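Q: From first to last, the protein sequence lines stand for chains A and B.
Heads up, the first sequence is in my numbering, so the first residue is 742 and it goes up one at a time.
Heads up, the second sequence is in my numbering, so the first residue is 742 and it goes up one at a time.
Protein chains: 2
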Amino acid sequence: MDILEVTIKQLCHELVECDKSPLSSKTNNSALFFVVDVGASNSRFGFSARGGSKVYIRFVKVSVNSIVALIAAFNAFAQQIGEAVCKRIVAATLNLPGPVQGAVGGPISNYLGSTSEEKILYLSALPASLCPPHHTVMLNDLEACAYGVVATHHFKIFSKYFTSLWKGTINPETGNAQGLSTGNCVVVAPGTGLGIAVVQYHAFSGKYTVIPLEFGHTSVQSETDRKFVDAYKSDLKRGDYAPEYDDICSGRGLERLYAFVLSEKGNSTSQKATAKEISDLARNDDPVAVEALALYHKFLMRVCSQMAIGFIPHTFVLCGDNVVHNKYFYERKGAVDTMKQQMLDHSCERYGFMSKPSMLRQSAFGNLNLLGCMYVCEGAARKESKL
Amino acid sequence: MDILEVTIKQLCHELVECDKSPLSSKTNNSALFFVVDVGASNSRFGFSARGGSKVYIRFVKVSVNSIVALIAAFNAFAQQIGEAVCKRIVAATLNLPGPVQGAVGGPISNYLGSTSEEKILYLSALPASLCPPHHTVMLNDLEACAYGVVATHHFKIFSKYFTSLWKGTINPETGNAQGLSTGNCVVVAPGTGLGIAVVQYHAFSGKYTVIPLEFGHTSVQSETDRKFVDAYKSDLKRGDYAPEYDDICSGRGLERLYAFVLSEKGNSTSQKATAKEISDLARNDDPVAVEALALYHKFLMRVCSQMAIGFIPHTFVLCGDNVVHNKYFYERKGAVDTMKQQMLDHSCERYGFMSKPSMLRQSAFGNLNLLGCMYVCEGAARKESKL
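(1) Looking at chain A, which residues of the stretch 928 to 958 of chain B have a Cβ within less than 7 Å of any of its Cβ atoms?
(2) Do S784/A and V777/A have their beta-carbon atoms positioned less than 8 Å apart in this structure?
(3) Got a sec: which bits of the stretch 852 to 881 of chain B sit with their beta carbon under 8 Å from any beta carbon on chain A, in order along the chain?
(4) Tell me, please, which residues DSSP counts as bridged to E746/A.
(5) Which parts of the stretch 892 to 950 of chain B are runs of the alpha helix (DSSP H), unbroken and 4 residues or longer, counting only runs that do not cross its ends?
(6) Output needed in chain order: residues of the stretch 960 to 989 of chain A with a Cβ under 7 Å from some Cβ in chain B.
(7) Run through DSSP, which three-state label would T856/A get?
(8) Which full runs of the alpha helix (DSSP H) of 4+ residues lie inside the stretch 1090 to 1117 of chain A, going along the chain?
(9) With H, G and I counted as helix, E and B as strand and the rest as coil, what does DSSP make of R979/A?
(10) If you check the beta carbons only, do Q1047/A and T950/B fall under 8 Å apart?
(11) Taking contact to mean 3 or more Cβ pairs, one atom from each stretch, closer than 8 Å, check whether the stretch 860 to 880 of chain A and the stretch 821 to 841 of chain A are in contact.
(12) Excluding the 5 residues preceding and the 5 following Q821/A in the sequence, name in chain order all residues of the same chain whose CB lies nearer than 6 Å to its CB.
(13) Nearest to K1097/A by CA position, among V826/A, G916/A and V747/A, is which residue?
(14) Mind checking E755/B: buried by the 16 CB within 10 Å criterion, or exposed?
(15) Say whether the stretch 902 to 919 of chain B touches the stretch 965 to 984 of chain A, bearing in mind that this needs 3 or more beta-carbon pairs closer than 8 Å, one atom from each stretch.
(16) Measure from the C-beta of H895/A to each C-beta in chain B and report whether the shortest distance is under 8 Å.
(17) So if DSSP puts E985/A in a beta bridge, which residue, or which two residues, is it bridged to?
(18) Which of the three DSSP states, helix, strand or coil, is assigned to L1036/B?
(19) Could you tell me which residues DSSP puts in a beta bridge with I952/B?
(20) Between which two residues does the alpha helix (DSSP H) containing I822/A stretch?
(21) Let me check understanding here. Comparing Cα to Cα, which of G1007/A, F1052/A and N806/A lies closest to L837/A?
(22) Could you confirm whether any beta carbon from chain B is found closer than 8 Å to the beta carbon of G1061/A?
(23) So, does the stretch 839 to 849 of chain B touch the stretch 888 to 900 of chain B, judging by three or more C-beta pairs under 8 Å?
(24) C1089/B touches chain A at which residues, Cβ-Cβ below 7 Å?
(25) Give the interface partners of K1127/B over in chain A, defined as CB-CB distance under 8 Å, in chain order.
(26) Is P1028/A close to chain B, meaning its C-beta is less than 8 Å from at least one C-beta of that chain?
(27) Of all Cβ atoms in chain B, is any one closer than 8 Å to the Cβ of P913/A?
(28) Can the beta-carbon of C1060/B be found less than 8 Å from the beta-carbon of A885/B?
(29) Go ahead and pull the three-state DSSP assignment for N1063/A.
(30) Please tell me whether K1081/A and W907/A are closer than 8 Å, where the distance is taken between their beta carbons.
(31) In chain B, what lies closer than 7 Å to G1051/A by C-beta?
(32) If the cut-off is 9 Å on Cβ atoms, which residues from the stretch 826 to 841 of chain A count as contacting chain B, listed in chain order?
(33) Please say whether L745/B and R829/B have beta carbons closer to each other than 8 Å?
(34) Does the CB of T1056/B have a neighbour CB from chain A at under 8 Å?
(35) Drop a sphere of 10 angstroms on the beta-carbon of E985/A, count the other beta-carbons inside from all chains shown, and report buried for 16 or more, exposed for fewer.
(36) Return the bridge partner residues of A862/B from the DSSP annotation.
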């Protein structure tokens, strides 16, 4: 996979004048795909094409945090790249951080505003010059990420992106991180929130499909960490509702865990630290930060445990930049053994269900969402949508 | 749908000599499908064919409760129907009560024995005369049931089998129970255990696929019913593990709830009653039985609530003979309003997520599993499996 952030000037050069880029009108006889990764504060607009058997993606970063600004950015981008390039687009796929139903996506929780007009994106609001009608797909961000995982398998670059934490019993070779297995794969991405999607394996046809999920919002179930859960529940002021895993296995969750560990050790909870600072502290062996990160992973394993019985997967893949950054944590003595114990800590382990899946982690940076969008474009170029 | 239990003699007559049956060699020019519903104590072996645009299924009941006896029953059945009929089978689909991975199904929990040989069914153990290689599919029971729901939609008989409990906000007309929606549908079947599967709607292609699940084994999460949960947890003797929804929303769960309500009212818990007896008592307004059934539905709504955020479905379908039997309960004054309140009782209702799906219930008896097997056979007849 050859994927790179460029400036708009560089992108225009690649698309039109460049003699070597697979995106250029001078070399590109195959399809041109428009791929978009909408984030909470930064979005990425890119183009993708096959360079031989390789995937080639170039994208620009756009900072927007409202639907109005996002749509304006789409229109400005269409003008910048020009009509001739637009005419070469055969399919488009965009992904956004919120539930998607057909041609309607959102609410995008970090976007400004409170009305649905301000938080929800409609496919119909996008310029047709960039997003060809009947050949444009809107995905949830984790759905795109999961298609990205399928794409790494398809393009035989899986082992460049993933590495093993432990091998499961159902199909141990899956633990070698050489590719997807002949079974389901749960994709888990702890970031601003906790994203989850499943790659479903269809045994009869041998095909993979993706199902986007919002299981990050499952209510936390814990018989043993009641003190933290109850304290957090009281902070969240949502009545008698338990926190959601998304409240804990996320940036703000790590911050809350850090404050909890501090106060448990008798320190004042007014010593606040950001998720980034806590991660840096943990890297430097700060015991409070290490314990907070360990608790964060304990709850992550707890929700994985529920997904392990729910989907009976062969594989879990922990994804995202945080997971790549946290390499040092997974390499700490005993950290992975503890995570595995926590994963197995479920009543269904009496049947061995928690031991079945292998656990992998993303080990190299790379925008899996854009790769997933590219993969979906290949299908959308061939078929007309029913939308 | 024309589906009926018959004797083996009647079945043989229909398959060979009958002048009118769509299954008969005298009339059947289209494909003959072998469909099997493996249950915990009774299994159903049947044949299916299209009678014009209608589905036609005839099956015999076989009482077996071990893998050895089941395989013997397959072989005996092949002999009874004879070689000429076997040669007309173009595809076979069977479903069984346990997780299925490709060509391996089980453990079947109610089956005798403790070794995997005694509890697990392999496709390769079945007679090829009944189950054509590369055209035979093995499904989980709820997966078959969910395909049955898709089939009722496909064959335009959905409204004969399902009726509305309430309409959701996302696509209110789905609440009219006229068919599947352009969104996911969660199929929930409380029986011997708690079965769950999802019909996934693919917006781009307009197609439905099914994903089998084991979310019935999710650990019970409850901030408000701790007394019952803790008492049950102690009974189950699984250490510090909470009960699973499968332990509560099932026959044995209803029995445990009844004992709990009795003891709460100061009666001795030694007054035991079977699930069937409790249901009959509730039908006759016995207050303890009614309260037990109400609690059973409270936990059912609780797990539906977690599925509602997880899958963001348009529809829930409560399925199975118990649901059809419990019609009187759903028609009790206030029962459905209470269930809806319980469904909405989740932190994500702050975004309106719990209000989105419509809730339907099965209102007429009919073996949806066999119908689902028939539906899957239509695909398996056309394609070769990768198994």
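Note that beta-carbon positions come from the ideal geometry of N, C-alpha and C, so glycine has one too.
The structure presented is a predicted model; accordingly, all values stated were derived computationally and were not measured.
A: Taking the definition as stated:
(1) Q941, A944, F945, S946, G947, T950, I952, L954, E955, F956 and H958
(2) yes
(3) Taking 8 Å as the Cβ-Cβ cut-off against chain A, the residues of the stretch 852 to 881 of chain B that qualify are V878.
(4) F800/A
(5) 899 to 902
(6) Contacts with chain B (Cβ-Cβ distance below 7 Å) from the stretch 960 to 989 of chain A involve S960, Q962, E964, T965, R979, D981, Y982, A983 and E985, listed in chain order.
(7) coil
(8) Listed in chain order, nothing qualifies, since the stretch 1090 to 1117 of chain A has no complete alpha helix (DSSP H) run of 4 or more residues.
(9) coil
(10) Contact flag unset, no.
(11) yes
(12) I749
(13) G916/A
(14) buried
(15) The stretch 965 to 984 of chain A and the stretch 902 to 919 of chain B do not touch, with fewer than three beta-carbon pairs separated by less than 8 Å.
(16) no
(17) S960/A
(18) L1036/B: helix per DSSP, three-state reduction.
(19) V939/B
(20) I808 to I822
(21) Measuring from the Cα of L837/A, the nearest candidate turns out to be N806/A.
(22) no
(23) Result no; under three Cβ-Cβ pairs closer than 8 Å.
(24) H958
(25) Annotation: Cβ neighbours of K1127/B in chain A (cutoff 8 Å, chain order): A944, F945, S946 and G947.
(26) no
(27) no
(28) no
(29) helix
(30) yes
(31) L954, E955, F956 and T959
(32) P840 and V841
(33) no
(34) no
(35) buried
(36) A small fix is needed here, since residue 862/B is Leu in this sequence, not Ala. Beta-bridge pairing links L862/B to G846/B.
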